[in-house]
Amino acid sequence: MCSYIVEKTALIGSAKGRKGWMRIDAANVYFDHPYHSTLDHVLAIDFTNEGEGGRDRVAVELSADSARALVARILAALSSGEAAHGGPAQAAAESMTATA
Amino acid sequence: MSHYRALQAETVKFRGHNGDQGEAYFAGPTAAGNYPGLVVIHHLPGWDEWIMEVVRKLAHHGYAAISPHLYFREGSDSPDDIGARVRAAGGVADAQIMGDVAGAIAYLRAQPNASRKIGVIGFCSGGRHAYLAACTLSGIDAVVDCWGGNVIVDNPKDLNEKRPVAPIDLTEKLNCPLLGLFGNDDANPTADQVNRTEAVLKRLGKNYEFHRYNGAGHAFFNTWRDAYRPEQALDGWKKVFAFFERHLAATATSVAAE
Chain A
674 MCSYIVEKTA LIGSAKGRKG WMRIDAANVY FDHPYHSTLD HVLAIDFTNE
724 GEGGRDRVAV ELSADSARAL VARILAALSS GEAAHGGPAQ AAAESMTATA
Chain B
600 MSHYRALQAE TVKFRGHNGD QGEAYFAGPT AAGNYPGLVV IHHLPGWDEW
650 IMEVVRKLAH HGYAAISPHL YFREGSDSPD DIGARVRAAG GVADAQIMGD
700 VAGAIAYLRA QPNASRKIGV IGFCSGGRHA YLAACTLSGI DAVVDCWGGN
750 VIVDNPKDLN EKRPVAPIDL TEKLNCPLLG LFGNDDANPT ADQVNRTEAV
800 LKRLGKNYEF HRYNGAGHAF FNTWRDAYRP EQALDGWKKV FAFFERHLAA
850 TATSVAAE
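First to last, the protein sequences are chains A and B. Positions 674 to 773 (my numbering) are the ones given, in order, by the first sequence. Positions 600 to 857 (my numbering) are the ones given, in order, by the second sequence.
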């Protein structure tokens, strides 16, 4: 059943969509029925720019297991990246938290 | 069961809630005859290709069917992008959707080959809307609720400005026959919620029939999803067409069925 439950977060970044690159300032995250995937439920993320009306989005639909695996790889990449670059990833993360 | 292989299917304009003009997908037999009308209420993800297949399937069986795009006010982007925006905004108010369904009914009644009968069928969140339509709109002769969740609202916090009343609390006003189809593995509605809904319908003496399917969960008609269960879906469609045939007399006035 469609749940209407959406987790929202502010963020800083860019994403490439059908019109090319765009600035993004928010993500809507939900676990519900997909539009495209054949799975019964997916972890969906819509990256948008709310500051520009939120009409364009870059969307993904992931299985629950692959979404969890992705979260782990994101954290691993941040960790190894911070180690390699001396902390800029952490600084960016703190900046993002401050604006959330 | 008659089949109508010659169909007209197209996007049309209709007047919905507050007289707003929007798009709807319409299909009906081209053969001369008078056809009952059906409003098809899409699910939350949006006005997708599967729902249009359903509209054509209903037309194939002798109905003039229309599926209003319930998110048309969000613009002309692709239905999936519009659906994502509507979800992020918390969905559409029940009152607006009932207004759009009423507008779709008016569109059907205005067709030159319309019979006097009107039915409504909805899937998923649209099943809930179909239940609401049966309880709040007039001029409907039969309603099919396919696995509509949140007909029973166990947590009052789930009620809000857009969805202020649990449909179950409007059951006393249900004024047409209701068919409900459910998968026993569904998480929303659960088998227990389906039982409790049926208990209310029974207590109030309503004209209803419920069918439950083992080995099926949510959206088991949907051929685009892994949830599709062909055996249960084929039986479910038989139940749908028998129900509409009984209450809308689908073939009574047609003259050119194959």
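Every residue gets a Cβ at the ideal spot worked out from N, C-alpha and C, and that includes glycine.
Asked, Found
"Alpha carbon to alpha carbon, how far is A:Ile697 from B:Cys734?", "43 Å"
"Are the C-beta atoms of A:Glu701 and some chain B residue less than 7 Å apart?", "The identity of residue 701 of chain A in the sequence shown is Asn, whereas the question assumes Glu. Output row for A:Asn701: interface = yes."
"Suppose you measure from the CA of B:Thr852 to the CA of B:Ala631; what does that come to, to the nearest Å?", "Residue placement at B:Thr852 cannot be trusted, given a pLDDT of 46 that sits under 50; what the coordinates show is reported in the next sentence. Cα to Cα, the separation comes out at about 10 Å."
"Under a three-way DSSP split, which group does B:Asn783 fall into?", "coil"
"Is the CB-CB distance between B:Arg811 and B:Asn783 below 7 Å?", "yes"
"For B:Ile696 versus B:Leu657, is the C-beta spacing smaller than 7 Å?", "no"
"Tell me whether the region 743 to 753 of chain B and the region 663 to 682 of chain B touch, counting them as touching only if at least three CB pairs, one residue from each stretch, are closer than 8 Å.", "no"
"Expressed to the nearest angstrom, what Euclidean distance is found between the alpha-carbon atoms of B:Leu847 and B:Gly718?", "7 Å"
"I'd like to know whether the C-beta atoms of B:Leu707 and B:Ala701 end up nearer to each other than 7 Å.", "no"
"If you draw a straight line from the C-alpha of B:Thr770 to the C-alpha of A:Gly754, how long is it?", "58 Å"
"Quick one: Cα of B:Ile739 to Cα of A:Ala745, how far?", "52 Å"
"Quick one: what's got a C-beta closer than 7 Å to A:Glu723's C-beta in the same chain, skipping five residues either side?", "Asp698, Ala699"
"Whose C-beta lies closer than 8 Å to the C-beta of B:Glu857 among residues of the same chain, with five residues either side of it excluded?", "Caution is warranted here: a pLDDT of 40 is assigned to B:Glu857, below 50, making its placement in the model unreliable, and the coordinate value is therefore given only provisionally. Result list for B:Glu857: Ser601, His602, Tyr603, Arg604, in chain order."
"Per the DSSP calculation, B:Glu830 is bridged to which residue(s)?", "According to DSSP, B:Glu830 bridges with nothing at all."
"Only counting the same chain, and skipping five residues up and downstream in sequence, which positions put a Cβ closer than 7 Å to that of B:Leu773?", "Ala733, Cys734, Lys805"
"Taking Cβ to Cβ, would you say B:Phe819 is nearer than 7 Å to B:Ala832?", "yes"
"In angstroms with no decimal places, state the Cα-to-Cα distance between B:Met651 and B:Lys716.", "21 Å"
"So, is the C-beta of B:Thr852 closer than 7 Å to a C-beta in chain A?", "Bear in mind that a pLDDT of 46 at B:Thr852, under 50, signals an unreliable position, so the number given afterwards is only what the model happens to contain. So, not an interface residue."
"How should A:Trp694 be labelled, buried or exposed, when 16 other C-beta atoms within 10 angstroms of its C-beta is the threshold for buried?", "exposed"
"Thinking C-alpha only, which one of B:Asp680, B:Phe781, B:Tyr730 is nearest A:Arg728?", "B:Asp680"
"Looking at the unbroken beta strand (DSSP E) that takes in B:Pro628, where does it start and where does it end?", "620 to 628"
"Among B:Gly835, B:Ala623, B:Ile640, B:Asp768, whose alpha-carbon lies nearest the alpha-carbon of B:Ala798?", "B:Asp768"
"Pull up the distance between the alpha-carbon of A:Ala742 and that of B:Phe809, whole angstroms please.", "41 Å"
"Which residues share a DSSP beta bridge with A:Asn701?", "A:Lys681, A:Asp719"
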